[in-house]
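So for the sequence shown, our numbering puts the first residue at 762; every next one is plus one. Note that CB positions come from ideal geometry on N, CA and C, so glycine has one too. Taking it in order: structure first as structure tokens, then the write-up.
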Amino acid sequence: MAKQAFVYISLVFCLAFLSAISCGPLDHLLTLKPKASTSVQLETVRGLIQRLLPKQAHLITVNIDEHFTSSRLDKFKIEAVANHSIHFTANTGVAAANGLYYYLRHVANCSTSWSGNQLYRLPVDALPMPAKTIEVVIQDKLRYYQNVCTASYSNLWWDWSRWQVELDWMALRGINLPLTFNGQEAIFRKIFTEHFNLTRAQVEDYFSGPAFLAWNRMGNIQSWSGPLTEHWHSQQEALQKLILGRARAFGMYPVTPGFAGHVPRALAVLLPKAKIDRLTDWNNFGLNYSHTYFLQPEDEHFAKINKLFIQEYIKVYGSDHFYNIDMFNEETPSHSDPEYLHKCGKGVYESILEADPSGVWVMQGWLFVDNSGFWKQPQVKAMVQSVPIGKMLILDLFSEIRPVYSQFEGYYGQPFIWCMLHNFGGTKGMYGAVNRISEVFSARKKYNNMLGIGMTMEGIEQNEVMYEYMSEVIHHQAQFDAEKWFSEYTVRRYGLFDSQINEAWQLLRVSVYNDSVGIWNFGQYAINRRPQLQHHSPLWYHPANVTAALKLMSSFLNSNPFIVNTSETFVYDIVDLSRQTLQLIFDYYREEKMFPQFNKRQTGQLKATTTEILHLFDLLESLLQCSEHFLLSRWVNSARALGNDTAEKDYNEWQARNQVTLWGPKGNIIDYASKHWSGIVSDYYKPRWALFLRSLIHSLETNTAFNQDKFNGDVFAQVEEPFTKLKGAHLVEKPQSQHLVALVNQAVVLADKVPFK
């Protein structure tokens, strides 16, 4: 009898435990399933295979079975079958695509990347076989991708063909929660014109130009460089439908926008009794372009607008129930009272529910990092607890450097995603924090409400090794050997193993890709900043490691010059490494020659150093011309291609040039999104420094003090603003890689003359 009672009690306990698990507040997130049928997902994965491996597609079969996994996590299996073919089984299309990339990386030693694919190791008639059947459980339920700024810094000018490549890139890396932000402005315009009787002109007055929409959407700026054209609205809507269609067909859950309270200025006049505040100035954009109008979430009109917006958005684009809303991104709320912040959060959530009862509020946690002086424990707690547990998903945006979850008890139970921000402004400097990624594994164990990882860079198409490394994390329960991984990475990236290449990458691993300092914006090197006497480049590594890596890569290149024609990725990497080395040499010239010579009034020596520096710019420009991925023409041409006529093409080009240089009407965020691209170096960075050096020499020759303010005005008028108004002027259209070997050797010769430590 006692034994029967024990069995009965145990059974009741187990059933209660299972019920608690299945009915928990995070259950709707943990049990997510794609909206697309398994047959649609299967066809979509087959399409990816055909695009990526057209010659080997007949040797690859796929089966998608939603019941394949016994847990709530995604899973794939890789099997060798007859005729040297490979069969994949997975529970979703994304998991199947991720299984394909796992096979390509770990069995076939291949890779794909923004800078080129290395797939030539794959034979046409017999695929490499795994030694045994491989089964992998993807360790993170949600794998997030993109930052609200990525839409402006990287994919701003993309057409569908480029988006299709990126969606394939996402699927291969297991991304299932991508941010999709295109085409929202037309929805806002419709809501304000049809339901609030604003004119189109009044609504368009709020919108910025295309290159600055990310910050317009977050309420940082208004009107600057706008309005948008009708052609822009229509083509962005068509593009968004394609993007969402493909993402959903893979089995992803796209995150779409909601209304965050930022409204046209005309609404404040129309609704004088509404609770509409003006936000603070953002980066000195002033009253006309900043101090945007914010409709308080507690006001009845907020709920109305958000409900209308989401309903209309669903009519046009459909929904996956994830809505990104950032009320206070780089803006300080009008009150620090926790009760006020609780009302704000509650107002946002309840307005989502009115339109979509299954809605989940996705919020970037950047505000807690950027304005940490405001967001203390009472304020953060009030905000995140204003929403039922599981109905807010927080992106801990900068986890590798400034984790917030650990400061606020894992967001007090709200689900969050551990994110690698990594890049600011899409800058091209080599950087990574491989040493800090290991925190993912301890966070997984400590916080049950950590539902995944994310890559939240402001700009992509740079430092590809970091994104490959981060996408590897989802396959591991514990930290893996970084040194071994880097060795395998070089084989996958170039299709060969070489001891010199391996040694070079190990040097990079312990230098530029090892951040023991916790640096914020690694891209602010002096060479691409407006010249001044005080600025110093931020360094967290020993430059000698970088120059030693270049010498090793150069040695391999000299012995194997054929690789220039066979490996696009090698060309990209050695150009990138040469570029990094030259900016370090520039720093040496600046710190050890230019400024001491100026301070000691050594005019002749300063003139000689000027010649050296200008030669360095010429060498840098020529090196960048060797890879199409470092050409300004790609950015400019894609901007012009989205224009409907000459006027719009010219307008787009001006936008594109302004964003990567002045970033604003008067250089408001100058050089934040700086790019080492051929065309910018020759027409922007070099002329700026040439003018600066002439000014220093003139100061010595006339025995007058150097006037920084006067120089700032001169360089703006003579170099910076004119650059933004150029129209495709003498841009290199195709890479000149035939000169690469000689140019790299010149960079090595210069590096040998510098006593780096």
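Under the rule that 16 or more other beta-carbon atoms within 10 Å means buried, what is residue i, buried or exposed?
i: S1133; result: exposed
i: K794; result: exposed
i: Y1050; result: buried
i: R961; result: exposed
i: A1143; result: buried
i: N958; result: exposed
i: K1312; result: buried
i: V806; result: buried
i: W1281; result: exposed
i: G1279; result: exposed
i: G710; result: For the chain, the structure presents residues 762 to 1518; residue 710 sits outside this window and is missing.
i: F1247; result: buried
i: E946; result: buried
i: V1509; result: buried
i: E1229; result: buried
i: F1323; result: exposed
i: Y1250; result: buried
i: P1516; result: exposed
i: S969; result: buried
i: Y1412; result: buried
Counting only beta-carbon separations shorter than 9 Å, does residue i have a partner in chain D?
i: L1501; result: No chain D appears in this structure, which consists of one protein chain only.
According to DSSP, is residue i helix, strand or coil?
i: H1062; result: helix
i: A887; result: coil
i: A1008; result: helix
i: S783; result: Unreliable positioning characterises S783 in this predicted model, as indicated by a pLDDT of 45, which lies under 50. A coordinate reading is not provided.
i: K836; result: strand
i: R1039; result: strand
i: I1086; result: coil
i: Y1054; result: strand
i: G1557; result: It is not possible to answer for residue 1557, since the shown part of the chain is limited to 762 through 1518.
i: E927; result: helix
i: E1382; result: helix
i: E1462; result: helix
i: N1494; result: Checking the displayed sequence, the identity of residue 1494 turns out to be Glu instead of Asn. Of the three classes helix, strand and coil, the one that applies to E1494 here is coil, per DSSP.
i: H1437; result: coil
i: P746; result: Nothing in the structure corresponds to residue 746, since the chain is present only between 762 and 1518.
i: E896; result: strand
i: A841; result: strand
i: N937; result: coil
i: F849; result: strand
i: I825; result: strand
i: L903; result: strand
i: S876; result: coil
i: W1450; result: helix
Our contact map puts residue i next to residue j with C-beta atoms below 8 Å; I'd like the distance itself, whole angstroms only.
i: E1494; j: S1394; result: 5 Å
i: Y1074; j: I948; result: 5 Å
i: T873; j: W930; result: 7 Å
i: V1397; j: A1417; result: 6 Å
i: L883; j: Q817; result: 6 Å
i: F1169; j: V1141; result: 5 Å
i: R745; j: S1167; result: Because residue 745 is not part of the residues shown, which for the chain are 762 to 1518, the question remains open.
i: T1041; j: T1093; result: 6 Å
i: L1492; j: G1440; result: 5 Å
Taking one C-beta from the stretch 1050–1069 and one from the stretch 1014–1030 each time, how about it: are there three or more such pairs within less than 8 Å? Segment contact: the stretch 1050–1069 against the stretch 1014–1030, three or more CB-CB distances shorter than 8 Å; contact assigned.
Between the stretch 795–808 and the stretch 851–862, do at least 3 Cβ pairs fall closer than 8 Å? With a cut-off of 8 Å, the stretch 851–862 and the stretch 795–808 count as touching, because enough Cβ pairs lie within range.
Given 8 Å as the limit, is there contact between the stretch 1118–1129 and the stretch 1147–1164, that is, 3 or more CB pairs closer than that? A contact exists between the stretch 1118–1129 and the stretch 1147–1164.
Quick check: the stretch 1327–1345 against the stretch 862–880, are at least 3 beta-carbon pairs closer than 8 Å? With the cut-off at 8 Å, the stretch 862–880 and the stretch 1327–1345 touch.
Touch check for the stretch 970–977 and the stretch 905–915: three-plus C-beta pairs under 8 Å? At 8 Å Cβ cutoff, the stretches touch.
Assess, as a yes-or-no matter, whether the stretch 1213–1226 is touched by the stretch 1296–1303 under the definition of 3 or more beta carbon pairs within less than 8 Å. Result no; under three Cβ-Cβ pairs closer than 8 Å.
Please specify which runs of the alpha helix (DSSP H), each continuous and at least 4 residues long, are wholly inside the stretch 1249–1291, giving them in chain order. Assignment of alpha helix (DSSP H) within the stretch 1249–1291, counting only whole runs of 4 or more residues, yields 1260–1270 in chain order.
Could you name each continuous alpha helix (DSSP H) segment of 4 residues or more that falls completely within the stretch 1196–1260, going from the start of the chain to the end? Taking 4 residues as the shortest admissible run, the stretch 1196–1260 contains the following complete alpha helix (DSSP H) segments, listed from N- to C-terminal end: 1200–1207, 1225–1233, 1243–1255.
If you pair each beta-carbon of the stretch 1112–1122 with each one of the stretch 1023–1043, do three or more pairs fall below 8 Å? Contact between the stretch 1112–1122 and the stretch 1023–1043 is absent, because fewer than three Cβ pairs lie under 8 Å.
Below 8 Å, can you find three or more Cβ-Cβ pairs linking the stretch 1426–1433 to the stretch 994–1014? No contact exists between the stretch 1426–1433 and the stretch 994–1014.
Unbroken stretches of the alpha helix (DSSP H), 4 residues or longer, contained in the stretch 1090–1176: Runs of alpha helix (DSSP H) with 4 or more residues, each lying fully within the stretch 1090–1176, are found at 1099–1116, 1127–1131, 1138–1145, 1170–1173, listed in chain order.
Three CB pairs or more closer than 8 Å across the stretch 1255–1267 and the stretch 1312–1321: Output reads yes: the stretch 1312–1321 touches the stretch 1255–1267.
4 or more residues per run - each alpha helix (DSSP H) lying fully within the stretch 1342–1403: Those alpha helix (DSSP H) runs which fall completely within the stretch 1342–1403 and span 4+ residues are 1356–1360, 1364–1385, 1393–1402.
Assess contact between the stretch 1368–1378 and the stretch 1472–1486, defined as three or more Cβ pairs (one per stretch) separated by less than 8 Å. Is contact present? With a cut-off of 8 Å on Cβ pairs, the stretch 1368–1378 is not in contact with the stretch 1472–1486, counting fewer than three such pairs.
Are the stretch 1175–1193 and the stretch 1264–1276 touching, with three or more C-beta to C-beta distances below 8 Å? With the rule of 3 Cβ pairs closer than 8 Å, the stretch 1175–1193 counts as touching the stretch 1264–1276.
Would you say the stretch 1458–1472 touches the stretch 1407–1425, given that touching needs at least three Cβ pairs under 8 Å? The stretch 1458–1472 vs the stretch 1407–1425: no contact.
Would the stretch 982–1000 and the stretch 1096–1108 be scored as touching if the rule is three or more Cβ pairs under 8 Å? In short, these stretches do not touch, since the Cβ pair count stays below three.
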